[in-house]
Amino acid sequence: MNDSCNRDDQRCVSTASHCRRLYIIADPFNLQLKSPNHYKNNNPDFEAPLFRFPSKVASFLYHDRKFQCIVIAASHSSGRVAEDLEQTRHRNTCLSSSTCKEMPSSFTQAYHFNESTPRFQVESNSVGDGGVLKLEAEVLRRLCISSRHVVRLIHAGKRLKYSFLVMTLCGPDLMFLRRLRGANRYKHEEDRFSVETTLRIAVHCLFAIKQVHEIGFVHRDVKPGNMVIGVNGRDARTIYMIDYGMVRSFTQEDARNGKVALRKPRRKVLLRGTLRYCSPNVHRRLEQGRHDDLWSLLYMLIELCVGLPWSGVKDESVLLKMKENIDDDSLFRKCPVEFRTISDHLRTLQYKDRPDYKLMYDQLMKGVRRLKVHFVDSYDWEDDKDMDDMFRIQTALSIQEEDKKDDKCNDCFALDFRLYPTTDPKRFSENILGW
1 MNDSCNRDDQ RCVSTASHCR RLYIIADPFN LQLKSPNHYK NNNPDFEAPL FRFPSKVASF
61 LYHDRKFQCI VIAASHSSGR VAEDLEQTRH RNTCLSSSTC KEMPSSFTQA YHFNESTPRF
121 QVESNSVGDG GVLKLEAEVL RRLCISSRHV VRLIHAGKRL KYSFLVMTLC GPDLMFLRRL
181 RGANRYKHEE DRFSVETTLR IAVHCLFAIK QVHEIGFVHR DVKPGNMVIG VNGRDARTIY
241 MIDYGMVRSF TQEDARNGKV ALRKPRRKVL LRGTLRYCSP NVHRRLEQGR HDDLWSLLYM
301 LIELCVGLPW SGVKDESVLL KMKENIDDDS LFRKCPVEFR TISDHLRTLQ YKDRPDYKLM
361 YDQLMKGVRR LKVHFVDSYD WEDDKDMDDM FRIQTALSIQ EEDKKDDKCN DCFALDFRLY
421 PTTDPKRFSE NILGW
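Numbering follows UniProt numbering, in which position 92 of the sequence shown is assigned residue number 92; successive positions increment by one, without gaps.
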């Protein structure tokens, strides 16, 4: 494919001209995509594409000939997915605005993709926010250098009218997974995670947040929609954090000695984050530190497990009063008791302070051990097939499931840490940033 190729071969489909971002996902069903004009001429409801991708960009995605691409417009907070992708395959047609519906930000749910499949994100160079995509690319680049267990940056570039970013394609987010019912013994309530699942995903999420902090950034939008699982194998049982469009660096280089120093907090800042999960500091328009991300994590876990007391509240002033005045008995009702120790620690922290990640990890693992559950055990959303796949992975590592569940080895997490390095206590003792 070269620049002289016909535009029909670019195979782009878009909707909703007000959306400023496009996402491209691989097509596992080998759809035969046609040009946007083909569908626009035959369907008056189909809107004109927001972008036309040059062949040079498209060729990057087509080079291995293993998949074709579907382009789906998305806003910052929600994606659009096929209402029935299987039905679309049989019609041998492309997706249009009339066959799509609003879904959570992870639009890959319920479909299986190859682990090499990329996620493609595009941003117009004329957007008014100064180019969020460039910042996201820089954060991903630094994360890839500092850790293997993060969403991978595959490629990024800038052209005359647009910038693009190619990264690892991930699976569904936690908010979507919460609605699934797997065939395991832990699920106890509709649309809520069991305590066993909540504590284990908390460890994964804590690691993901720590990795962002270790490169000098705060995420500022920790929520279930930004926590996703991988696509295949062990990655499908690991939580990854996505969407770095709101990050801010809390470090800067000291001009006097060239060393990394704490960035001075601003007195007043704009609202950044999601009201339901943000810390009281965000409501007060104060600069967010590392501890604010962890408050969001704690609120997120409560919401997933039992629900937040203010879930239905929209008024920000009411939200702030509730978060300031609520007592622990009300906030942590039916939650793991270890959450209280974590909240006590977070209350001692200020913008400049480094959180004690190991303390938080130890508390979460205390709950995991108390419940006699392991990271190789099933999660609430998993079915028998998922567990069969996991058994094959364990067999490949020459470790027997019976050994893990032996009474003499009930506190042994060697298998867990080997399969899922993001749960290893060594990761939470590291101080990569230095302070």
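C-beta: ideal position from N, C-alpha, C; glycine also. In this text, all values refer to a predicted model and were calculated from it rather than measured experimentally.
From residue 368 to residue 152, what distance separates their C-alpha atoms?
-> On the sequence shown, residue 368 is found 368 positions in, with the first residue counted as 1. On the sequence shown, residue 152 is found 152 positions in, with the first residue counted as 1. Distance between the alpha carbons of residue 368 and residue 152 is about 29 Å.
In the DSSP assignment, find the unbroken beta strand (DSSP E) run with residue 157 in it and report its ends.
-> Start at 1 with the first residue of the sequence shown, and residue 157 comes out as number 157. Counting along the chain, the beta strand (DSSP E) containing residue 157 begins and ends at 153-158.
Whose CA, out of 267, 428, 381 and 421, lies closest to the CA of residue 175?
-> Reading the sequence shown from its first residue, position 175 is the one you call residue 175. The shortest C-alpha separation from residue 175 is found at 381.
Just how far apart, CA to CA, sit residue 232 and residue 432?
-> Residue mapping note: residue 232 aligns to position 232 of the sequence shown, counting from 1. Residue mapping note: residue 432 aligns to position 432 of the sequence shown, counting from 1. If I take the Cα positions, the gap works out to 29 Å.
Which first and last residues belong to the alpha helix (DSSP H) in which residue 240 is found?
-> Position 240 of the sequence shown, counted from the start, is the residue given in the question as residue 240. Element bounds for residue 240: not the alpha helix (DSSP H) but the beta strand (DSSP E), 239-241.
Could you tell me which of 336, 265 and 287 sits nearest to residue 299, measuring between CA atoms?
-> In the sequence shown, residue 299 corresponds to position 299, counting from 1. Nearest C-alpha to residue 299: 336.
Contact check, residue 273 vs residue 260, beta carbons under 8 Å | Sequence index remark: in the sequence shown, residue 273 carries index 273 (1-based). Sequence index remark: in the sequence shown, residue 260 carries index 260 (1-based). No, these two residues do not count as a Cβ contact at 8 Å.
Quick one: using the 10 Å Cβ neighbour count with 16 as the cut-off for buried, is residue 448 buried or exposed?
-> Absent from the model: residue 448. The displayed extent of the chain is 1 to 435, so no value can be given.
Assuming residue 355 and residue 290 form a contact by the criterion Cβ under 8 Å, report the distance between their Cβ atoms to the nearest whole angstrom.
-> Reading the sequence shown from its first residue, position 355 is the one you call residue 355. Reading the sequence shown from its first residue, position 290 is the one you call residue 290. About 5 Å; that satisfies the 8 Å criterion.
Thinking C-alpha only, which one of 167, 134, 160 and 158 is nearest residue 144?
-> Here residue 144 corresponds to residue number 144 of the sequence shown, with the count starting at 1. Selected option, being the one with the closest Cα: 167.
Using beta-carbon positions only, say whether residue 257 and residue 242 come within less than 8 Å of one another.
-> Your numbering for residue 257 matches position 257 in the sequence shown. Your numbering for residue 242 matches position 242 in the sequence shown. Taking 8 Å as the Cβ cut-off, residue 257 and residue 242 do not qualify as a contacting pair.
Where residue 251 and residue 305 are concerned, what is the direct C-alpha to C-alpha distance, given to the nearest angstrom?
-> Here residue 251 refers to the residue found at position 251 when the sequence shown is read from its first residue. Here residue 305 refers to the residue found at position 305 when the sequence shown is read from its first residue. Their backbone Cα atoms lie some 34 Å apart in a straight line.
Excluding the five sequence neighbours on either side, which residues of its own chain have a C-beta within less than 6 Å of the C-beta of residue 285, listed in chain order?
-> Along the sequence shown, one-based indexing puts residue 285 at 285. Contacts found: 268 and 269.
What do you get for residue 210, buried or exposed, if any count of 16 or more other CB atoms within 10 angstroms of its CB means buried?
-> Here residue 210 corresponds to residue number 210 of the sequence shown, with the count starting at 1. Label assigned to residue 210: buried.
Relative to the alpha-carbon of residue 434, which residue among 228, 215, 207 and 249 has its alpha-carbon at the smallest distance?
-> Position 434 of the sequence shown, counted from the start, is the residue given in the question as residue 434. Taking only the C-alpha atoms, the option nearest residue 434 is 215.
What are the boundary residues of the alpha helix (DSSP H) that residue 197 is part of?
-> By 1-based counting over the sequence shown, the position of residue 197 is 197. Start and end: 195-214.
Residue ranges of each alpha helix (DSSP H) within the stretch 274-359, 4 or longer = 280-283, 290-305, 316-325, 328-331 and 338-346
When the Cα atoms are used, what is the spatial distance from residue 262 to residue 138?
-> Counting from one through the sequence shown, the residue named residue 262 turns up at place 262. Counting from one through the sequence shown, the residue named residue 138 turns up at place 138. If I take the Cα positions, the gap works out to 19 Å.
Own chain, CB closer than 8 Å to residue 191, minus 5 neighbours either side, in chain order | Along the sequence shown, read from residue 1 onward, the residue named residue 191 stands at position 191. Closer than 8 Å at the Cβ level, and outside the excluded window around residue 191, lie 178 and 179.
Whole-angstrom distance between residue 245 and residue 287, CA atom to CA atom = Here the question's residue 287 lines up with position 287 in the sequence shown. Here the question's residue 245 lines up with position 245 in the sequence shown. Going by the C-alpha atoms only, they are around 17 Å apart.
On the three-state DSSP scale, how would you describe residue 261?
-> On the sequence shown, residue 261 is found 261 positions in, with the first residue counted as 1. Correct three-state label for residue 261: strand.
In whole angstroms, what separates the C-alpha of residue 440 from that of residue 374?
-> The structure shown has nothing for residue 440, since the chain only spans 1 to 435.
DSSP three-state assignment for residue 174, whether helix, strand or coil = Taking the first residue of the sequence shown as position 1, residue 174 is located at position 174. The answer is helix: DSSP assigns residue 174 an H, G or I state.
Check whether the Cβ atoms of residue 294 and residue 346 sit closer than 8 Å, and answer yes or no.
-> Against the sequence shown, residue 294 aligns to sequence position 294. Against the sequence shown, residue 346 aligns to sequence position 346. In this structure, residue 346 lies closer than 8 Å to residue 294 by Cβ.
Using three-state DSSP, classify residue 432 as helix, strand or coil.
-> Translated into the one-based positions of the sequence shown, residue 432 becomes position 432. Residue state, collapsed to three classes: coil.
Given that a residue counts as buried once 16 or more other Cβ atoms are within 10 Å of its Cβ, and exposed if not, what is residue 412?
-> On the sequence shown, residue 412 is found 412 positions in, with the first residue counted as 1. Answer is exposed; the Cβ neighbour count stays below 16.
Unbroken beta strand (DSSP E) run spanning residue 150, endpoints = Residue 150 sits at position 150 when you count from the first residue of the sequence shown. No beta strand (DSSP E) holds residue 150; DSSP gives it neither H nor E.
Would you report the Cα separation of residue 370 and residue 196, rounded to the nearest angstrom?
-> Here the question's residue 370 lines up with position 370 in the sequence shown. Here the question's residue 196 lines up with position 196 in the sequence shown. If I take the Cα positions, the gap works out to 10 Å.
Spatial distance of residue 366 from residue 302 (CA atoms) = Taking the sequence shown and counting its residues from 1, one reaches residue 366 at position 366. Taking the sequence shown and counting its residues from 1, one reaches residue 302 at position 302. Rounded to the nearest angstrom, the two C-alpha atoms are 17 Å apart.
Candidates 308, 377, 415 and 360, of which the one nearest residue 429 by Cα = Taking the first residue of the sequence shown as position 1, residue 429 is located at position 429. Nearest of 308, 377, 415 and 360 to residue 429, Cα basis: 360.
Span separating the alpha-carbon of residue 29 from that of residue 170 | Your numbering for residue 29 matches position 29 in the sequence shown. Your numbering for residue 170 matches position 170 in the sequence shown. Any reading at residue 29 must be qualified, since the residue scores a pLDDT of 31, below 50, and its modelled position is unreliable; no value is offered.
Sort out for me which residues DSSP pairs residue 252 with in a bridge.
-> Here residue 252 corresponds to residue number 252 of the sequence shown, with the count starting at 1. Answer by DSSP bridge pairing, in chain order: 261.
Can you have a look at residue 220 and say buried or exposed, based on whether 16 or more other CB atoms are within 10 angstroms of its CB?
-> As a working mapping, residue 220 is identified with position 220 in the sequence shown. It counts as buried.
Return the Cβ separation of residue 199 and residue 319 in integer angstroms, given the expectation that the two are a contact with Cβ distance under 8 Å.
-> Position 199 of the sequence shown holds residue 199. Position 319 of the sequence shown holds residue 319. Their Cβ separation, rounded to whole angstroms, is 26 Å, which puts residue 199 and residue 319 out of contact at 8 Å.
In angstroms with no decimal places, state the Cα-to-Cα distance between residue 349 and residue 158.
-> Reading the sequence shown from its first residue, position 349 is the one you call residue 349. Reading the sequence shown from its first residue, position 158 is the one you call residue 158. About 40 Å.
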